[in-house]
């Protein structure tokens, strides 16, 4: 079991829920990302998802897309993100998960990227537009490198696919709570409870819920049925609206601390 | 062995194609994959579609022997497959009638579509009006401006046009936005993709609905000339009109196929859309194909004078036809296309779409090199009225610049 699995197992043993914040790498530059990673880990993040900006983010909503555009204008690349993670690793113990699109990862190479991720100290990878059956060699290479290939399931996922995905995922299973794209929402997703019950029946790994969580109250409500929550758009939005780098870090830290307090 | 026969995995064309979609879309794609052969194989569906193609779209479209073109070029005989005469003025209608009818049979009352030049949007809005379906079209804000008459036509036909202001504000951004809509509204919504691209099963579905072009052209040329053409020529953006023409000829080993891509301001300038001539393997919009991208995997915005060819990817089956050497791909510049737009208008009294003008531009280079008994069959994929304002502006700017 890797650092990600260990962390989630320890939380489960304590009856605590995991908080996994998402930030876009390089928004507005990698210096801010580095400061955010350190600050969010201190604020109680149990793992951090680092979004790898892609020019055509079809699975993301407007908030993350704008964030990706800012990051790309700032010149971020996958290589530079891996370099930053590698440099930061001695000072940062929190599990790190890269979340991005197939073209970013496979352009680096189906074998080279998993190796580079391991070398940098990355714990998991979410390839949002890659069903595992499309690139078996890539998923095998991630396994071989001990990098957890975290898979997503959706409310629309059939029982047959759910069984396959629950078996193939590593680290945890990521339930995307709404049929839709990432952005902060104000109401709880419909059928959440019954869908999570359906997933838990077949998944032996922890199940974390993402897409659309924007308040500590929502986090508490959803965590009742899951092992953890992922918070993305609401956090990225705060970072994007900040008037300075310092404000971005302070705002993000306060928000993440309030979410974590709701999950303890 | 033909290229088609060597594709054993459904949705794969050699190493290309596939289904690179987020999990939220998988159920919809699997549903479509199952519904498509089940519904379209029925005699009732076929009869309904064929009736619409004949009496509504105006098929078969003529195969026209371009006498003056042939004489002026002084080589091969040039035939034009007149898709510009199909209802709505382009080949796009073939695909949308098929897909919208499919959506109706699947019980999906809401249709979404992306559009570049606006032709696919107009065609989709048309089919939706005909079949009583609700229609929303995503269109890059830059294209909305370039193709204002088509925006009005879509609205006139009862569709809602959503300008897309993200990214480069062109076709690829419209596709991104349409996919987002589909992810959110998948239960009642059918995504009508306009070219032979996207996640499986779309490249196959669109190809199958466009094959009518090649099936007709093959029959028409055999009737007229008692032999097959030597060369097929068609422009390639996503590649649907080219695939529709090429596919029924794949097993005819003696027939050369040439796809003509937009070289924009020149491939060397980086301002072009010549994916197969200058791209790299990559994954975009649900498919593995050839794309224009940097070494970090970021997709470049494409450039072409023709909005319909302005796409940094290409249908995956074209990538495979290129690799397997079954088809050749060349590129012509904005300048050459513009010149051929004017040239064909004056030579044959046919104003070609700027997209189709790319194919004409290549024929003007190719035909003189071939013997007089050779036959070149060109897909005149659309009519050029929609481009008249753009072309007029460019020509006027030139005139005032020259004096």
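Chains as they are written, first to last, in this note's numbering: chain Z, 1 to 264; chain P, 1001 to 1403.
Idealized CB from N, CA, C, for every residue including glycine.
CB contact check: residue i to chain P, cutoff 7 angstroms
{"i": "residue 154 of chain Z", "result": "yes"}
{"i": "residue 20 of chain Z", "result": "no"}
{"i": "residue 169 of chain Z", "result": "no"}
{"i": "residue 237 of chain Z", "result": "no"}
{"i": "residue 177 of chain Z", "result": "no"}
{"i": "residue 102 of chain Z", "result": "yes"}
{"i": "residue 29 of chain Z", "result": "no"}
{"i": "residue 55 of chain Z", "result": "yes"}
{"i": "residue 291 of chain Z", "result": "As displayed, chain Z neither begins before 1 nor continues past 264, which places residue 291 of chain Z out of reach and without an answer."}
{"i": "residue 77 of chain Z", "result": "yes"}
{"i": "residue 59 of chain Z", "result": "yes"}
{"i": "residue 218 of chain Z", "result": "no"}
{"i": "residue 260 of chain Z", "result": "no"}
{"i": "residue 182 of chain Z", "result": "For residue 182 of chain Z, the predicted structure reports a pLDDT of 49, less than 50, and the residue's modelled location is therefore unreliable. A value from the coordinates is still provided. No, its Cβ sits nowhere closer than 7 angstroms to a Cβ of chain P."}
For residue i, the residue or residues it bridges with in DSSP
{"i": "residue 1115 of chain P", "result": "P:1139"}
{"i": "residue 1235 of chain P", "result": "P:1260"}
{"i": "residue 1328 of chain P", "result": "P:1258"}
{"i": "residue 1291 of chain P", "result": "P:1280"}
{"i": "residue 127 of chain Z", "result": "Z:100"}
{"i": "residue 269 of chain Z", "result": "Chain Z is shown only over 1 to 264; residue 269 of chain Z falls outside these bounds and no answer can be derived."}
{"i": "residue 148 of chain Z", "result": "Z:124"}
{"i": "residue 49 of chain Z", "result": "Z:22, Z:97"}
{"i": "residue 1352 of chain P", "result": "P:1383"}
{"i": "residue 1090 of chain P", "result": "P:1382"}
{"i": "residue 1065 of chain P", "result": "P:1079"}
{"i": "residue 1224 of chain P", "result": "BP columns for residue 1224 of chain P are empty, so no partner."}
{"i": "residue 1128 of chain P", "result": "According to DSSP, which records beta bridges pairwise, residue 1128 of chain P is partnered with nothing at all."}
{"i": "residue 1134 of chain P", "result": "P:1110"}
Contact with chain Z by residue i, beta-carbon distance below 7 angstroms
{"i": "residue 1166 of chain P", "result": "yes"}
{"i": "residue 1283 of chain P", "result": "yes"}
{"i": "residue 1296 of chain P", "result": "yes"}
Residue i, DSSP secondary structure in three states
{"i": "residue 1190 of chain P", "result": "strand"}
{"i": "residue 1072 of chain P", "result": "helix"}
{"i": "residue 1077 of chain P", "result": "strand"}
{"i": "residue 208 of chain Z", "result": "strand"}
{"i": "residue 1378 of chain P", "result": "strand"}
{"i": "residue 1160 of chain P", "result": "strand"}
{"i": "residue 1082 of chain P", "result": "strand"}
{"i": "residue 92 of chain Z", "result": "coil"}
{"i": "residue 1016 of chain P", "result": "strand"}
{"i": "residue 228 of chain Z", "result": "strand"}
{"i": "residue 943 of chain P", "result": "Beyond the ends of chain P as shown, which are 1001 and 1403, falls residue 943 of chain P; an answer cannot be given."}
{"i": "residue 1299 of chain P", "result": "strand"}
{"i": "residue 1404 of chain P", "result": "Residue 1404 of chain P lies beyond the stretch modelled for chain P, which goes from 1001 to 1403, so this question has no answer here."}
{"i": "residue 158 of chain Z", "result": "coil"}
{"i": "residue 1275 of chain P", "result": "helix"}
{"i": "residue 1170 of chain P", "result": "coil"}
{"i": "residue 77 of chain Z", "result": "coil"}
Where residue i meets chain A, residues with beta-carbon distance less than 8 angstroms
{"i": "residue 1125 of chain P", "result": "No chain A is part of this structure, whose protein chains are labelled Z and P."}
**Asked** Taking any Cβ of chain P, which residues in the stretch 121–135 of chain Z have a Cβ under 7 angstroms from it, in chain order?
**Response** So the list reads 128, 129, 130, 131, 134, given in the order they occur along the chain.
**Request:** Would you list, in chain order, the members of the stretch 1015–1027 of chain P that have their beta-carbon closer than 7 angstroms to a beta-carbon of chain Z?
**Result:** Cβ contacts with chain Z come from 1018, 1019, 1020, 1021, 1022, 1023, 1024, 1026, 1027.
**Message:** Output needed in chain order: residues of the stretch 1298–1323 of chain P with a Cβ under 7 angstroms from some Cβ in chain Z.
**Reply:** In summary, the residues of the stretch 1298–1323 of chain P whose CB is separated from some CB of chain Z by less than 7 angstroms are 1298, 1299, in the order they occur in the chain.
**Asked** Mind listing which residues of the stretch 1174–1187 of chain P have their C-beta closer than 7 angstroms to chain Z's C-betas, in chain order?
**Response** Within the stretch 1174–1187 of chain P, those residues whose Cβ lies closer than 7 angstroms to any Cβ of chain Z are, in chain order, 1176, 1179, 1180, 1183, 1184, 1186.
**Prompt:** Does the pairing of the stretch 1322–1342 of chain P with the stretch 1357–1365 of chain P give three or more beta-carbon distances under 8 angstroms?
**Reply:** Yes, they touch.
**Prompt:** Should the stretch 79–89 of chain Z be regarded as contacting the stretch 27–46 of chain Z, the criterion being three or more beta carbon pairs within less than 8 angstroms?
**Reply:** Counting Cβ pairs under 8 angstroms, three or more are found: they touch.
**Asked** Can you find at least 3 beta carbon pairs, one from the stretch 142–151 of chain Z and one from the stretch 165–172 of chain Z, that sit closer than 8 angstroms?
**Response** Yes, the stretch 142–151 of chain Z is in contact with the stretch 165–172 of chain Z.
**Message:** Please list, in chain order, the residues of the stretch 89–119 of chain Z that have any C-beta partner in chain P closer than 7 angstroms.
**Reply:** Correct list: 102, 103, 104, 106, 107.
**Asked** Are at least three pairs of beta-carbons, each pair with one atom in the stretch 1199–1212 of chain P and one in the stretch 1308–1320 of chain P, less than 8 angstroms apart?
**Response** Yes, they touch.
**Prompt:** Using 8 angstroms as the Cβ pair cut-off and three pairs as the minimum, do the stretch 237–251 of chain Z and the stretch 1240–1256 of chain P touch?
**Reply:** Contact between the stretch 237–251 of chain Z and the stretch 1240–1256 of chain P is absent: fewer than 3 CB-CB pairs across the two stretches fall below 8 angstroms.
**Prompt:** Okay, do the stretch 1189–1200 of chain P and the stretch 1325–1332 of chain P touch, 3+ Cβ pairs below 8 angstroms being the bar?
**Reply:** Contact between the stretch 1189–1200 of chain P and the stretch 1325–1332 of chain P is absent, because fewer than three Cβ pairs lie under 8 angstroms.
**Request:** Determine which residues of the stretch 1262–1284 of chain P have a Cβ less than 9 angstroms from any Cβ of chain Z, and write them out in chain order.
**Result:** Within the stretch 1262–1284 of chain P, the residues whose Cβ lies closer than 9 angstroms to some Cβ of chain Z are 1280, 1281, 1282, 1283, 1284, listed in chain order.
**Message:** Within 8 angstroms, do at least three Cβ pairs link the stretch 133–141 of chain Z to the stretch 104–118 of chain Z?
**Reply:** The stretch 104–118 of chain Z vs the stretch 133–141 of chain Z: in contact.
**Prompt:** Quick check: the stretch 1375–1385 of chain P against the stretch 1095–1115 of chain P, are there 3 or more CB pairs under 8 angstroms?
**Reply:** Look at the beta carbons and you see the stretch 1375–1385 of chain P not touching the stretch 1095–1115 of chain P: under three pairs across the two are nearer than 8 angstroms.
**Item:** Stretch pair the stretch 1123–1142 of chain P + the stretch 1098–1115 of chain P: three plus CB contacts closer than 8 angstroms
**Value:** They touch, by the three-pair rule.
**Message:** Any C-beta of chain Z within less than 9 angstroms: which residues of the stretch 1027–1047 of chain P qualify?
**Reply:** Those would be 1027, 1028, 1030, in chain order.
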